[in-house]
Amino acid sequence: MMVDSPDRPEPLTGDRNLETEEFVVNMGPQHPSTHGVCRLILTMDGEVIKKVVPDIGFLHRSIEKIAENRTYHQFMIYTDRIDYVSSMNANHAWCVAVEKLAGIEVPERAEYLRVIMAELNRIASHLVFLASFAIDLGAVTPFLYAFRERERIVDLFEMTCGQRLTYNYMRIGGVSKDVPKDFVSETKKFCSYLYPRVDEYEAILTENPIFLGRTKGIGLLDLPTAINYSVSGPPLRGSGLKWDIRKDEPYSAYEKFDFDIPTGENGDTWDRYKVRIEEMRQSARIVEQALEGLPEGGIKAKVPARFRPPQGEAFARIEAPRGEMAYFIVSDGSTKPYRVKIRTASFCNLQALPVMARGWKIADIVAIFGSLDIILPEVDR
Amino acid sequence: MTPEELTSKIKATFAEKVEELPAVTGIPAFKVKPEHLEEVCTTLVSDPELNFDNLPCLGGIDYPETNEIGVVYCLFSFAKRHHLNLRVIMPRDNPEVISVSKFWVAADWFERETAELFGIKFKDHPDPRPLLLIEEWDEGYPMRRDWEGKDFIRMPETGQEK
C-alpha cells in the first residue's frame, strides 16, 4: 500500500489535458545506420515518428552527364561506381541495355559467366545486407560470419578479374576474361559451403525473440503502396508480389535455370529480411546449375573499339540485388550516348521510407532503413 | 496485352491526342502534347484494360538543335504485364508540364530531379524543392546538352564519332 504524502506529486490521470510538442531530430548525414551519407529529418512527437523527410544528394556525381561525355565502352567503369556493393549487376544492366540497343548477339558461354558472376555478387550483396542489418539491431556476431563468407566470393572475383570491389568485368558483347582453371571447382565448393552457413544465420537470427521483437510487424508496406511508389526487389516481394525480372522478363540466360521466387506475407521488416535470406539459397542454386551447364565457346562477341550503335532508343531493366535497375539510352549514332537515364532501385525504395516509418519509434527507423538495403551512391548517382 | 494490341488500343482510345513514335526496343512509344497529359494519364491509370499502375522510370531529354526539351515516362502495368513509353515535348524556353505524382507517387522524386537538372517546371508538384544539387546551386541546368560548367571538360572530339 502506498501512503499519501504531501510531497508526492498528484498521479497523472487520463482526463488531464497534456499537450505534446513536436520537435525535429536530424539524423545523419554521418550516421552509422544510414549506410552512407543520407540525412533524415525526423519530426518527432516524444518517441514517435510523425514525419520523415529524407535529404539526399550528398554523393551526387552526375553520372548521367558523365555518360554523355564517354564512349559506350568507357562508361562501363562508371556503372561499377553506381552500386559498388554489387557492381557485377550494375555492369550487367549496362551491357544488357547497350546490347539491346545495338542488337548484339552474346555468346552463350559469356551469358552463363555473367549469370554466375551476377548471382555470386547477389549473394555477396545480401551478405553485406545481413551483416549491416544485424549490427544495426545490435547483433554483432552475424556481421563477422557474413563477411567471412563474402571474403570467399570476393576471392573468386579476384581470381577472375583481379578486382575486389569495382570489378569492371563485363564488356559490351561478353565478358573481359574467361574464368581461370580452378574457378569452377572452387565455386562449387563455395556453394556447398554456403547452404549450411545460411542455415546457421537463420539459427542465430530468424526465430530469435529479440530479433523478432525488433522486426516482426514493424514498418509495414502494403502492396498497392509499394507498386505506386515503384518499390522493387526484396521490399516488393516482401509485400507479397511474386515478381522477379529474372523470371518474368528473362534476360541473359536466366530462362534456362530453375529457381524459386521467395515472397513475404505482411510486408514488414522481417519479411524483407527473410526474402533476402531465401534469395541467397536460390542464387547458389542458379550458380550450381550454371556451372554444371557451362558451355564451351567464345566469351565475347566482336564489338569494334569505336563502337557506334544505330540511332535509336533502348530501355532495359534487370533484377539487381536491391531491385530493378534500368537504363534508358538514347543513341544519335555516334560513339557516345546522347542521353542515359539510370533508374536505380534504392532511389525509389528510399522514397517509400516515410510511409513505412510513420508512427514507429526512432529505434525502429534504423531497422526499417536497414531492411530496405539502401546504397547511397545508387540513390544519388 | 501484346505491344501490337496495346498500340492499337492506345490509338483507338486517344485518337489525335497521341502521336505514334518508333518503338523503344519493342515497347510502344507515343508523344503527348503537354496539355493532354493529365487526361491521357487519367485514362491510362483508370481504364481496366490499360491499368498502368507502375512508373519505373521518368527522365528528361534535351534537343537543343530543334530548341525542344522533353520528359520521358516509362510506364508498366503489374496487373497486365505491359510496357508503355510516353513522352512530352515542349519548347525549350519555358518548359512546363503537369506533375504526374498524383497518379504515381514514384514520380515525386523523379520530377524533382528532372526539374533541377533540366529546368523543366512541373505544375502542381507537391514538394517542388531541389533534390540532388546543393541548395545554393546557381550554375544553371547541368543536364542540358549545351551546359557549360567551370569543372566540366568535354572529351576532345576525334572526328570519328559519326
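Order-wise, the sequence lines are chains A and B.
Counting along the first sequence from 1, when you hit position 129 you're at 129 in our numbering, and nothing is skipped either side.
With the second sequence counted from 1, adding 1000 to any position gets you our numbering.
Glycine residues also receive a C-beta, built at the ideal position from the N, C-alpha and C atoms.
Note that the structure is predicted; figures quoted are calculated from it, not measured.
With a contact defined as Cβ atoms closer than 8 Å, residue 93 of chain A and residue 325 of chain A qualify at about 5 Å. Under the Cβ criterion (8 Å, minimum of three pairs), the segment 316-331 of chain A counts as touching the segment 1061-1078 of chain B.
Pairing residue 332 of chain A with residue 198 of chain A, the inter-Cα distance amounts to about 48 Å. For the set B/1067, B/1061 and B/1081, the Cα lying nearest the Cα of residue 1055 of chain B is the one of B/1081.
Distance from the Cα of residue 232 of chain A is smallest, within the candidate group B/1148, B/1078 and B/1145, for B/1078. 9 Å or more divides the Cβ of residue 1114 of chain B from the Cβ of residue 1044 of chain B. With a threshold of 16 other beta carbon atoms within 10 Å, residue 141 of chain A falls short and is exposed. Residues of chain B with a Cβ closer than 7 Å to the Cβ of residue 380 of chain A are, in chain order, 1132. Put simply, of A/263, A/268, A/255 and A/78 the residue whose alpha carbon is nearest the alpha carbon of residue 220 of chain A is A/268. Among the CB atoms of chain A, one or more fall inside 9 Å of the CB of residue 1083 of chain B. Contact check for residue 113 of chain A against residue 156 of chain A fails: the beta carbons are separated by 9 Å or more. Here residue 1062 of chain B carries a strand assignment [DSSP, helix/strand/coil]. Among the bridge pairs identified by DSSP, residue 54 of chain A is matched with A/40.
The Cβ of residue 314 of chain A sits closer than 9 Å to at least one Cβ of chain B.
For residue 368 of chain A, the enclosing alpha helix (DSSP H) covers residues 362-372.
Contact check for residue 315 of chain A against residue 1085 of chain B passes: the beta carbons are separated by less than 9 Å. Taking a beta-carbon distance threshold of 9 Å, residue 320 of chain A does not count as an interface residue toward chain B. As computed with DSSP, residue 1069 of chain B is found in a beta bridge with B/1062 and B/1090.
Within the same chain, 35 and 370 come within 7 Å of residue 132 of chain A by CB-CB distance, once the 5 residues on both sides are set aside. Chain B has no Cβ within less than 9 Å of the Cβ of residue 39 of chain A.
Excluding the 5 residues flanking it on each side, residue 47 of chain A has same chain C-beta neighbours closer than 8 Å at 361 and 362, in chain order. Look at the segment 54-82 of chain A: the residues with a C-beta under 8 Å from a C-beta of chain B are 56, 57, 60, 62, 64, 65, 68, 69 and 70. Residue 192 of chain A counts as exposed, since fewer than 16 other C-beta atoms from the protein chains shown sit within 10 angstroms of its C-beta.
When the Cα atoms are used, residue 210 of chain A and residue 1141 of chain B turn out to be separated by approximately 49 Å.
In this structure residue 298 of chain A does not touch residue 171 of chain A by the C-beta definition: roughly 12 Å separates them, more than the 8 Å allowed. When the five nearest sequence neighbours on each side are left out, the beta carbons in the same chain lying within less than 7 Å of the beta carbon of residue 1145 of chain B are those of 1062 and 1064, in order along the chain.
Near chain A, meaning a CB-to-CB distance below 7 Å, the residues of the segment 1050-1068 of chain B are 1053, 1054, 1055, 1056, 1057, 1059 and 1061.
Of all residues in the segment 339-354 of chain A, the ones placed with a Cβ closer than 7 Å to any Cβ belonging to chain B are 339, 341, 343, 347, 348 and 351, in chain order. In chain order, 23 and 25 place their CB closer than 6 Å to the CB of residue 44 of chain A, counting only its own chain and leaving out the 5 sequence neighbours on each side. For residue 139 of chain A, the secondary structure class from DSSP, reduced to helix, strand or coil, is coil. For residue 1096 of chain B, the three-state secondary structure derived from DSSP is strand.
Neighbours of residue 1108 of chain B in chain A, taken as residues at a C-beta separation under 8 Å, are given in chain order as 351. Against residue 1041 of chain B, chain A offers no close residue; the least beta-carbon distance is about 13 Å (beta-carbon pairs closer than 8 Å). With its beta carbon less than 9 Å from one in chain A, residue 1027 of chain B belongs to the interface. In the three-state reduction of the DSSP assignment, residue 312 of chain A falls in the strand class.
Proximity to residue 305 of chain A across A/313, A/261, A/62 and A/73 peaks at A/73, based on C-alpha coordinates.
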